[in-house]
Amino acid sequence: DTGVSQDPRHKITKRGQNVTFRCDPISEHNRLYWYRQTLGQGPEFLTYFQNEAQLEKSRLLSDRFSAERPKGSFSTLEIQRTEQGDSAMYLCASSSGGAGNTIYFGEGSWLTVV
Amino acid sequence: RKEVEQDPGPFNVPEGATVAFNCTYSNSASQSFFWYRQDCRKEPKLLMSVYSSGNEDGRFTAQLNRASQYISLLIRDSKLSDSATYLCVVPLRNSGNTPLVFGKGTRLSVIA
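Going down the list, the sequences are from chains A and B.
Heads up: the first sequence begins at 32 in the numbering used here, then just goes up one per residue.
Heads up: the second sequence begins at 3 in the numbering used here, then just goes up one per residue.
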């Protein structure tokens, strides 16, 4: 399968713990995006990378959230000191760049904070 | 105006019906638009791209109205399998370096 891969698919954690999600984009794609989606809402943009450079971060991305893409391939999204409001599906997507280029999503990582 | 706005529905239609959704956007300079489909608890998947001349793919037709800043999605001869949430997507800005912004989605239920 050469699509976008995310891991873990499901994570249940206690409030206050740190969690990290990993995303492996489609191999030839230089752009990688993180979105968050809660029930009844569309995906909300969090941040995106072009190669290893983080080009933009949403105001939704509080200081507890950090994303990296150190070698321009896979990316990690870490949430520190999780809160119940962080419970959501975290979607990673990739594209070959450009505003008109289609983005392809992974299956998402479901986070439940208890 | 929000960047992207959609009627959340739900639209409940019988099999074989024709249904249309609209989506309004705020960035008048946007050049490309998309419709994504999302099944329950799954990731969004591209349904159609929408360019200035619109787009048709089988039973699905997407059109762009620049003057009124909306795009539409028309589904003809609805199937049970069309039941899903349809997400309208536009670039946040009209530049090469811009993320895509998603609407909240319109939920469609096709009923036998």
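Note that the Cβ used here is the ideal one computed from N, Cα and C, for glycine as well.
A:Pro56 has a beta carbon lying at 9 Å or more from every beta carbon in chain B. For the stretch 41-53 of chain B, the beta-carbon criterion of a distance under 9 Å to any beta-carbon of chain A is satisfied by Arg43, Lys44, Glu45, Pro46, Lys47, Leu48, Ser51, Tyr53. Under the 8 Å Cβ criterion, the stretch 45-55 of chain B counts as touching the stretch 23-37 of chain B, having at least three qualifying pairs. Just so you know, the alpha carbons of A:Phe96 and B:Asp79 end up roughly 45 Å apart.
B:Leu89 belongs to the set of residues whose beta carbon lies under 9 Å from a beta carbon in chain A. In this structure the stretch 118-127 of chain A touches the stretch 68-77 of chain A; the number of beta carbon pairs closer than 8 Å is three or more. Looking at the backbone, the Cα of B:Thr20 and that of A:Glu75 are separated by about 30 Å.
Nearest to B:Asn24 by alpha-carbon distance, out of B:Ala114, B:Leu75, B:Ser85, is B:Leu75. Taking a Cβ-Cβ threshold of 8 Å, none of the residues of chain B is close to A:Gly103; the smallest such distance is about 16 Å. For A:Gln85, the beta-bridge partners assigned by DSSP are A:Phe80. Burial state of A:Pro56 is buried, judged by a 10 Å Cβ sphere holding 16 or more other Cβ atoms.
The Cβ atoms of A:Thr133 and A:Arg46 lie no closer than 9 Å to each other. For B:Tyr27 and B:Arg61, the gap between their C-alpha atoms comes out near 24 Å. Look at B:Phe23: its C-beta is not under 9 Å from any C-beta on chain A. Only Gln33, Ser34, Phe36 from the stretch 13-39 of chain B bring a Cβ to less than 8 Å from some Cβ of chain A. Judged by DSSP in its simplified three-state form, B:Ser83 adopts helix. Under DSSP, B:Glu58 takes part in a beta bridge, and its partners are B:Thr63.
Using a 10 angstroms sphere on the CB of B:Ile77, the tally of other CB atoms reaches 16 or more, which defines it as buried.
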